[in-house]
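Numbered per my numbering, the first sequence spans residues 6 to 120. Glycine residues also receive a C-beta, built at the ideal position from the N, C-alpha and C atoms.
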Amino acid sequence: MKKTNNHFFDEVYQVVRLIPKGRVSTYGAIAKYIATGKSARMVGWAMNKAGSVSPKVPAHRVVNRIGLLTGKHHFNNGPNTMQQLLEKEGLLIIDDQIQQFELFFWDPMIELSIE
DNA sequence: CGATTGACGTACG
DNA sequence: TCGTACGCCAATC
6 MKKTNNHFFD
16 EVYQVVRLIP
26 KGRVSTYGAI
36 AKYIATGKSA
46 RMVGWAMNKA
56 GSVSPKVPAH
66 RVVNRIGLLT
76 GKHHFNNGPN
86 TMQQLLEKEG
96 LLIIDDQIQQ
106 FELFFWDPMI
116 ELSIE
């Protein structure tokens with residue numbers, strides 16, 4: 006058995022699940038909240054596993070720092086799944102980019118930092 | 001076991 | 001302002 010730092014992945018799943026409906030977060034923000042922002046890529050890897058863990062992690066609520074749906078192609082149901090889900094939550098997405106992303110941005114460092 | 005990849009981000013030109 | 005290069009860290013080939 007290799008006791009990898011599942012703490013990182015676990016935290017990622019926890020945080021992503023805490024993202025409220027109609028809100029989105031970024032890999033960098035999550036990574037920064039957990040691993041001091043040095044492993045934004047690891048968050049993406051965690052998301053890749055997200056489809057293999059349970060309950061499934063709302064990976065569609067996690068995008069890159071510019072609000073671009075970079076990972077939509079990784080969804081099992083199809084590349085449109087991510088956008089459809091986000092639109093269904095009240096978000097507006099044009100050209101795979103979330104409009105007014107700043108307004109919907111859910112930062113765990115802030116939201117979870119509230120006493 | 002070594003090299004490459006990867007759903008990112010920041011720095012530099 | 002836009003484009004390219006590099007760094008992180010783990011998993012996969």
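Worksheet item: Excluding the five sequence neighbours on either side, which residues of its own chain have a C-beta within less than 6 angstroms of the C-beta of A36, listed in chain order?
Response: In the first sequence, the residue the question calls residue 36 occupies position 31. Taken in chain order, the residues that qualify are G42, S44, A45, V48.
Discussion item. Taking the alpha helix (DSSP H) that W111 belongs to, which residues open and close that run?
Written reply: Within the first sequence, the letter at position 106 stands for residue 111. Run containing W111: none; DSSP gives neither H nor E here.
Worksheet item: From this set, P25, V21, W111, V29, which residue's C-alpha is nearest K54's C-alpha?
Response: Position 49 of the first sequence holds residue 54. Distances from the CA of K54 to each of P25, V21, W111, V29 were compared; the closest alpha carbon is that of V21.
Worksheet entry | Supposed close pair N69, Y18 - CB separation, criterion 8 angstroms | In the first sequence, residue 69 corresponds to position 64, counting from 1. In the first sequence, residue 18 corresponds to position 13, counting from 1. Going by Cβ atoms, the distance from N69 to Y18 rounds to 18 angstroms, so no, they are not a contact pair.
Worksheet item: What are the boundary residues of the alpha helix (DSSP H) that E92 is part of?
Response: In the first sequence, the residue the question calls residue 92 occupies position 87. Looking at the DSSP string, the run of the alpha helix (DSSP H) that includes E92 is 85-93.
Item to complete: Kindly indicate which three-state DSSP category T35 falls into: helix, strand or coil?
Response: On the first sequence, residue 35 is found 30 positions in, with the first residue counted as 1. Inspection of the sequence shows that residue 35 is occupied by Ile rather than by Thr. If DSSP states are grouped into helix, strand and coil, I35 belongs with the helices.
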